[in-house]
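Chains F and Y supply the protein sequences, listed in that same order. Residue numbering for the first sequence is 153 to 261, as defined by this note's numbering. Residue numbering for the second sequence is 2 to 114, as defined by this note's numbering.
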Amino acid sequence: AQRVTQPEKLLSVFKGAPVELKCNYSYSGSPELFWYVQYSRQRLQLLLRHISRESIKGFTADLNKGETSFHLKKPFAQEEDSAMYYCALSGPNFNKFYFGSGTKLNVKP
Amino acid sequence: GAGVSQSPSNKVTEKGKDVELRCDPISGHTALYWYRQSLGQGLEFLIYFQGNSAPDKSGLPSDRFSAERTGGSVSTLTIQRTQQEDSAVYLCASSKPSRHEQFFGPGTRLTVL
Chain F
153 AQRVTQPEKL LSVFKGAPVE LKCNYSYSGS PELFWYVQYS RQRLQLLLRH
203 ISRESIKGFT ADLNKGETSF HLKKPFAQEE DSAMYYCALS GPNFNKFYFG
253 SGTKLNVKP
Chain Y
2 GAGVSQSPSN KVTEKGKDVE LRCDPISGHT ALYWYRQSLG QGLEFLIYFQ
52 GNSAPDKSGL PSDRFSAERT GGSVSTLTIQ RTQQEDSAVY LCASSKPSRH
102 EQFFGPGTRL TVL
């Protein structure tokens, strides 16, 4: 069965500390992986996608097919990174998406 | 330009009533998605439209749920005979053809008393 697991509901770090938000998936095929973010009182928006191999706002994520993981990382967290982060998976046709339950990141001053 | 809009923003209804939720996607976005987010849960995929066609309706939780899209634009999600477990935030998203990025609406918060 297709599934996305984000084991941490809440992650608190101090400003300047490294942060890693975990995401593991289960998918029979070649998935497309994404990270979406929702800042306070804003809409859910795309942060990054594995296919682009990009770094957005200092965040990166590497798809590890062996470990079926797509963890989101940032070397130095900023207070403005505080938000809800969702890992998502889709098949190649983007006709169905599976989202994790989300991790709330709290960056303390 | 205008983003995805949804109406109403909040809906309170009594158990057993029917409700209609509306989504206006970004102009030119042929793909449209509906999701449900229950309290403390992730987004649950409901249905996907490519144009006016929904090739896979298996994500709809029961036959009380239906969705349609007309003119390749506006979509409505209808819930008949609402139950308390239908209470959730219903999100709509749209995307350009062959593009990966979904643009989300603000959601409709449905409360069934």
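Just so you know, even glycine gets a beta-carbon here, dropped at the ideal spot from N, CA and C.
Check, Outcome
"At least three beta-carbon pairs within less than 8 angstroms, the region 163–182 of chain F to the region 216–230 of chain F", "yes"
"Cβ distance (whole Å) where Y:L111 is taken to contact Y:K12 below 8 angstroms", "5 angstroms"
"Reduced DSSP secondary structure (H/G/I, E/B, other) of Y:I80", "strand"
"Selection of the region 243–255 of chain F by Cβ proximity to chain Y, strictly under 8 angstroms", "F246, N247, K248, F249, Y250, F251, G252, S253, G254"
"Residue environment, Y:Y34, which counts as buried when at least 16 other CB atoms sit within 10 Å", "buried"
"Cross-chain neighbours of F:R201 in chain Y, by beta carbon under 9 angstroms", "H101, E102"
"Per-residue burial, F:A101 [other beta carbons within 10 Å of its own, 16 or more giving buried]", "With chain F covering only 153 through 261, there is no way to say anything about residue 101 of chain F."
"Check whether F:L185 and F:A240 have beta carbons under 9 angstroms apart", "yes"
"According to DSSP, residues forming a beta bridge with F:N216", "F:S221"
"DSSP bridge partner residues for Y:V75 (one or two, in chain order)", "Partner(s): none; Y:V75 has no beta bridge."
"Contacts that Y:P56 makes with chain F (C-beta to C-beta distance below 7 angstroms)", "N247"
"Minimum C-alpha distance to F:S180 - residue among F:R195, F:D214, F:E206, F:R155", "F:R155"
"Supposed contact pair Y:R70 and Y:S76 - C-beta distance, whole angstroms, cut 8 angstroms", "4 angstroms"
"Assigned exposure category for Y:S95 - 16 Cβ within 10 Å defines buried", "buried"
"Through-space distance from Y:C24 to Y:G73, alpha-carbon basis", "12 angstroms"
"Cβ contact check for the region 202–211 of chain F and the region 245–257 of chain F: 3 or more pairs under 8 angstroms", "no"
"Beta-carbon gap between F:I203 and Y:H101 smaller than 9 angstroms", "yes"
"Chain F residues whose Cβ lies nearer than 8 angstroms to that of Y:Y34", "F249"
"Chain Y within 9 angstroms of F:L196, Cβ atoms only", "yes"
"Limits of the beta strand (DSSP E) - the one that Y:L114 falls within", "That residue, Y:L114, is in no beta strand (DSSP E); it is neither H nor E in DSSP."
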